[in-house]
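Participant:
2 protein chains.
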Amino acid sequence: MIRCNPQLECPTNLLLALLSGPWTMPIVWSLFEEGPARFGALKRRITGISSRLLTERLRMLEAQGFVDRHEEKTIPPQVTYSATERLRRLCQALEALGAVADEWHANYLLQHT
Amino acid sequence: MIRCNPQLECPTNLLLALLSGPWTMPIVWSLFEEGPARFGALKRRITGISSRLLTERLRMLEAQGFVDRHEEKTIPPQVTYSATERLRRLCQALEALGAVADEWHANYLLQHT
DNA sequence: CCGCATCCAGCTAGATACTG
DNA sequence: CAGTATCTAGCTGGATGCGG
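If you read the sequences in order, they're chains A and B.
The first sequence begins at 1 in this note's numbering and counts up by one.
The second sequence begins at 1001 in this note's numbering and counts up by one.
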C-alpha cells in the first residue's frame, strides 16, 4: 500500500514530479546506463537538448543528490557528471515499472502529457 | 538493467512522461487508494483541480487503459470512475520507489521541476 | 570547453460562464 | 451533475550571443 494522501505532498509524489521535469529521465538514464560523461559528451548523447536545460537539470539533480559533479579546473575546464549511489538505487526501483510499461505500451493509443 | 536508449522513446520513459502530466498522479493515487468516485467527488478529493483538467486527465487515463468510466444515463447523469487492473499493477510497481523516495525526501533541498 | 544572460514565441493551466 | 467553451496571463523552453 502506498501510504500517501493524494492531496498532500508525499515523497513518492514529489520524486515523480522531479523525475517528470523535461529531459530529466533521459539524463538520468544516460548517466545510469552509459556511465559518466563530460558536459559536451552528455549534450551529444541527449539529442536535442539545449545547453541551458542540460545545465539546469544537472544542477537540480546534483542538488538533490542524484548526480555527482566533478570539476577539473584546467584550461579549458573539464566537468564530469556521474550517477550517485542514490540514483543507481532509484533506477533499479524504476525497473519494477518496466513490466507494466511494456504491457501498456503494447496497446496504448499515443497522445500523452 | 533498464534496456532503454535514453535518446529513444521506450515504454518506461513514455509511461513516466504520461504520469508526469499535471494532476495525473494525484488522480491515480486517489482512485487507487480511496477507491472509485463520481466526477464531483473526485474533484473534491483532488483539492484545487479544475473541471477542465480533471476531465482531460481522466479522458487520457481512460484512453490508456488505466481508468474505467461508468456512465449512468439518468437525469442528472452519474459518471463513476475507477482504477483498472492495469492501474493497480502500476501503483504496486510504484511502491518500489517508496524506499528511495523516503530516503531522498529526508534530506532533499526543495525546488524541483 | 562549459556554461550564463537575454530575448522571445508558444503552450497551457486557471478563471469564468454556460448547457443537456 | 458532469462536463464544454472561451479568453487570457504567465511560465518555460528554444535560440542566440557572449565570457572565464
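Heads up, the beta-carbon is just placed ideally off N, CA and C, and yes, glycines get one too.
Keep in mind the model is a prediction, meaning the values are calculated, not measured.
On the DSSP bridge assignment, give the partners of residue 80(A) in chain order.
Facilitator: Residue numbering aside, residue 80(A) sits at position 80 when the first sequence is read from its first letter. Paired residues: 38(A), 70(A).
Participant: Below 8 Å between beta carbons: does that hold for residue 97(A) and residue 1012(B)?
Facilitator: Taking the first residue of the first sequence as 1, we reach residue 97(A) at position 97. Taking the first residue of the second sequence as 1, we reach residue 1012(B) at position 12. Cβ distance < 8 Å, so residue 97(A) and residue 1012(B) count as in contact.
Participant: Do you know whose CA, among 84(A), 91(A), 101(A), 68(A), lies nearest residue 1088(B)'s CA?
Facilitator: Taking the second sequence and counting its residues from 1, one reaches residue 1088(B) at position 88. The shortest Cα separation from residue 1088(B) among 84(A), 91(A), 101(A), 68(A) belongs to 101(A).
Participant: Cα separation between residue 104(A) and residue 75(A)?
Facilitator: The count along the first sequence starts at 1 and reaches residue 104(A) at position 104. The count along the first sequence starts at 1 and reaches residue 75(A) at position 75. The straight-line gap from Cα to Cα measures roughly 49 Å.
Participant: Where does residue 1106(B) land, buried or exposed, given buried means 16+ other C-beta within 10 angstroms?
Facilitator: Here residue 1106(B) refers to the residue found at position 106 when the second sequence is read from its first residue. Under this definition residue 1106(B) is an exposed residue.
Participant: Check distances from the C-beta atoms of the region 87-107 of chain A to those of chain B and list, in chain order, the residues that come in under 8 Å.
Facilitator: Against chain B - using a Cβ distance shorter than 8 Å - the residues of the region 87-107 of chain A are 89, 90, 91, 93, 94, 95, 96, 97, 98, 99, 100, 101, 102, 103, 104, 105, 107.
Participant: Mapping DSSP to helix, strand and coil, what is residue 1056(B)?
Facilitator: Your numbering for residue 1056(B) matches position 56 in the second sequence. Helix at residue 1056(B).
Participant: Quick one: Cα of residue 53(A) to Cα of residue 46(A), how far?
Facilitator: For the purposes of this step, residue 53(A) is taken as residue 53 along the first sequence, with counting starting at 1. For the purposes of this step, residue 46(A) is taken as residue 46 along the first sequence, with counting starting at 1. Cα to Cα, residue 53(A) sits roughly 11 Å from residue 46(A).
Participant: Assign residue 104(A) to one of three DSSP states: helix, strand, or coil.
Facilitator: Residue numbering aside, residue 104(A) sits at position 104 when the first sequence is read from its first letter. Three-state DSSP puts residue 104(A) in a helix.
Participant: So if I threshold CB-CB distances at 7 Å, which residues from the region 9-21 of chain A count as touching chain B?
Facilitator: Answer in chain order: 11, 12, 13, 14, 15, 16, 17, 18, 19, 20, 21.
Participant: Rounded to whole angstroms, what's the CA-CA distance from residue 39(A) to residue 30(A)? Just pull it up for me.
Facilitator: On the first sequence, residue 39(A) is found 39 positions in, with the first residue counted as 1. On the first sequence, residue 30(A) is found 30 positions in, with the first residue counted as 1. Rounded to whole angstroms, residue 39(A) to residue 30(A) spans 12 Å at the Cα level.
Participant: Does residue 1035(B) have its Cβ less than 8 Å from a Cβ in chain A?
Facilitator: What you label residue 1035(B) is simply residue 35 of the second sequence in a count that begins at 1. False, the Cβ-Cβ gap to chain A never drops below 8 Å.
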